[in-house]
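Residue numbers (my numbering): -1 to 468.
Just so you know, even glycine gets a beta-carbon here, dropped at the ideal spot from N, CA and C.
Report on one structure; see the data block that follows.
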C-alpha cells in the first residue's frame, strides 16, 4: 500500500524531529514538562536509526553508527537548552546500544576499543563542562556492561593474549571514569554527595566482578594481588581528592571504605591469607576493631566496612573453637594460644566497657569465657595424658572461676561474679558426671567434699558481694 517501509521510516524520523520542535516551542512556558517531548523525540530517532539498518535494511552498519552518533550529540546539545537529565540518559543509552546491536562496530577489538574510548572520553568531558556528574555515573554502567558483552562476542577469551586485551581495555575504561569523577570534584570544588557515591557502588562491584573473573582465568595466582592493588588505587584516589578539596573527610568515604573492605575481604581473606593461619587474621581483626573504636571512627557511618570485619572475626572465632589437637606439637600449642589470645582480647574489651560505659556487655564476657575454657582444656591436654588431663582441665577451670570471682569482688562487678559462679557450676557438673565416672569410692567422696566446699565458698563471696552493693 501507500505506507511503504521507506515511508514508515521517514515518518518515524519526522515524528521524532516534530516532537523536538514542539518541545523547543513550549520550553518558555514549562521548561521541565516541555523537555519530555524532546526526550521522546530523541528516543524515537534512536529507534529509527537502529530500525533502518536492522529491520528495514535500507542502509549499512556504518551509516547506522553515524546516524546514532549524530542523534547522541544532538541530545547533548538539547540538554544545554532544557537541562533535563532524561536527555542525557537517552543519549548514553542510545550510544552504548550501538555496539551491542550493530555487528560492524563490534567486529574487531580495535573497533570496540575505539568506539568505547570515544564515547567514554566525550561523556566524561561533557560531564565536567556541563556540571552534570550523573553523566559519568550513568555512562559507567552502560559502558562497563556493554563493553563486557562486546568482548565476549568479539574475543576468544580462552586465549591468553585475548584475555590480556580484554582486561587492559576494561581497566582503561574504568580509570577514565574514575579520573573524570576526580577531575569533576577538583574542577568545581564539589565532592560527591552520599547518594551519588553509593550510586556508583554497584558499578564498581560489576567492574570488579568482570575484571577478577578474567584475571583469574588468565593467572589465578596473580589475580588476588592485582585485586589488592586495586583496593590501594581506590584508597589513594580518595585521599588525593580529599587533599585537593582540603577536607578532613568526604561524603564518599563510607562507599570507598565499603568497596575497599569488600575487595580486601575477597582478595586477602579468601585468596592470599594462608587458611591454616586464619585465626591469627581474626585476632588481628579484633585488634583493628579496637583501634578503629579508639580512633573515633563512626561504626554506623561505615557500617558495611565494619560488617566485613565482623564477619572475619566471627568466622575465625568459631574456627578457633573448632580446632582441637594436632599431631604437631607446634600446632597444638598454637591452637591453645589462639583460644587464650581470643579470650584475653575479648576480656580486655569487656574491661574497657566497664570503665567507659559502666554497663559492659554480657556477651563479651560469655564469648571470652568460652574461648578461655576451650584454651585451658587444650593446655591440660598438652601437659598430661588422659585421663589425668581431664582432672587438670577441671582444676584449671576452677582456678579461672575463682580468680574471676576474686577480681569481681575487687572491681565490684556483679556480672563478672555471676559468670564466675556459673563456671564453677560447670566445673562441678563436669567433675560429677565425667571425671569421677571411673574413680574409686574414696576419691569420689574426697572430690565431692572439695566441690561442695568450693561451691559454698563461692556462694558466700557472691552473697557478700551483693550485700556490699546494697
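Go ahead and label residue i buried or exposed: buried means 16 or more other beta carbons lie within 10 angstroms of its beta carbon, across all protein chains shown.
| i | result |
| --- | --- |
| residue 369 | buried |
| residue 386 | exposed |
| residue 435 | exposed |
| residue 18 | buried |
| residue 188 | exposed |
| residue 361 | exposed |
| residue 315 | buried |
| residue 312 | exposed |
| residue 423 | exposed |
| residue 410 | exposed |
| residue 164 | buried |
| residue 100 | buried |
| residue 455 | exposed |
| residue 129 | exposed |
| residue 451 | exposed |
| residue 36 | buried |
| residue 2 | exposed |
| residue 293 | exposed |
| residue 395 | buried |
| residue 152 | buried |
| residue 12 | exposed |
Note the first and the last residue of the continuous alpha helix (DSSP H) segment covering residue i.
| i | result |
| --- | --- |
| residue 416 | 412 to 428 |
| residue 28 | Residue 28 -> no alpha helix (DSSP H), and no H or E assigned at all. |
| residue 56 | Counting along the chain, residue 56 falls outside any alpha helix (DSSP H), and DSSP gives it neither H nor E. |
| residue 234 | 221 to 242 |
| residue 404 | 386 to 409 |
| residue 375 | 360 to 381 |
| residue 199 | 192 to 216 |
| residue 134 | 132 to 152 |
| residue 178 | 158 to 186 |
| residue 94 | 83 to 99 |
| residue 252 | 251 to 262 |
| residue 280 | 276 to 292 |
| residue 308 | 301 to 320 |
| residue 246 | Note, residue 246: premise wrong, no alpha helix (DSSP H); not H, not E. |
| residue 267 | Run containing residue 267: none; DSSP gives neither H nor E here. |
| residue 112 | 107 to 128 |
Figure out for me which residue from the options has the closest Cα to the Cα of residue i.
| i | options | result |
| --- | --- | --- |
| residue 406 | 423, 439 and 345 | 345 |
| residue 448 | 460, 463, 426 and 232 | 426 |
| residue 388 | 422, 428 and 224 | 428 |
| residue 457 | 419, 392 and 16 | 419 |
| residue 226 | 269, 211 and 179 | 269 |
| residue 469 | 83, 82 and 143 | No information on residue 469 is available, as it lies outside the stretch -1 to 468 that the chain covers here. |
| residue 78 | 55, 112 and 30 | 30 |
| residue 197 | 43, 249 and 350 | 249 |
| residue 89 | 100, 101, 76 and 99 | 76 |
| residue 548 | 51, 287 and 328 | In the structure as shown, the chain begins at -1 and stops at 468. Residue 548 is therefore absent and cannot be evaluated. |
| residue 59 | 85, 109, 271 and 463 | 109 |
| residue 26 | 64, 68 and 80 | 80 |
| residue 194 | 45, 134 and 460 | 134 |
| residue 46 | 84, 24, 5 and 22 | 5 |
| residue 139 | 204, 7 and 351 | 204 |
| residue 16 | 3, 391, 41 and 28 | 41 |
| residue 233 | 306, 416 and 261 | 261 |
| residue 33 | 43, 21 and 44 | 21 |
| residue 178 | 403, 152, 401 and 117 | 117 |
| residue 70 | 43, 53, 200 and 154 | 43 |
| residue 176 | 272, 121 and 155 | 121 |
| residue 199 | 214, 212, 172 and 215 | 172 |
| residue 186 | 167, 174, 240 and 126 | 126 |
| residue 367 | 206, 68 and 341 | 341 |
Any heavy atom of the ligand ZN inside 6 Å of the beta-carbon of residue i?
| i | result |
| --- | --- |
| residue 146 | As for the ligand ZN, it is missing from this structure, which has no ligand bound. |
For a cutoff of 7 Å on Cβ pairs, would you count residue i as touching chain D?
| i | result |
| --- | --- |
| residue 170 | Judged by its chain identifiers, the structure shown contains no chain D, having just a single protein chain. |
Task: Stretch pair the region 227 to 246 + the region 146 to 160: three plus CB contacts closer than 8 Å - done: Segments in contact, no.
- [ ] Assess, as a yes-or-no matter, whether the region 215 to 223 is touched by the region 252 to 261 under the definition of 3 or more beta carbon pairs within less than 8 Å.
- [x] Result no; under three Cβ-Cβ pairs closer than 8 Å.
- [ ] Inspect the CB distances between the region 148 to 157 and the region 176 to 189 and report whether three or more fall short of 8 Å.
- [x] Taking 8 Å as the limit for Cβ pairs, the verdict is that the region 176 to 189 does not touch the region 148 to 157.
Open item on the list: Could you check whether the region 337 to 344 touches the region 373 to 387, counting it as contact only if at least three pairs of C-beta atoms, one from each stretch, sit closer than 8 Å?
Closed with: Using a Cβ-Cβ distance cut-off of 8 Å, the region 337 to 344 and the region 373 to 387 are in contact, since at least three pairs of beta carbons, one from each stretch, lie closer than that value.
- [ ] Please confirm if the region 277 to 292 is in contact with the region 236 to 248, defined as three or more CB-CB distances below 8 Å between the two stretches.
- [x] Counting C-beta pairs closer than 8 Å gives fewer than three between the region 277 to 292 and the region 236 to 248, which falls short of the contact rule.
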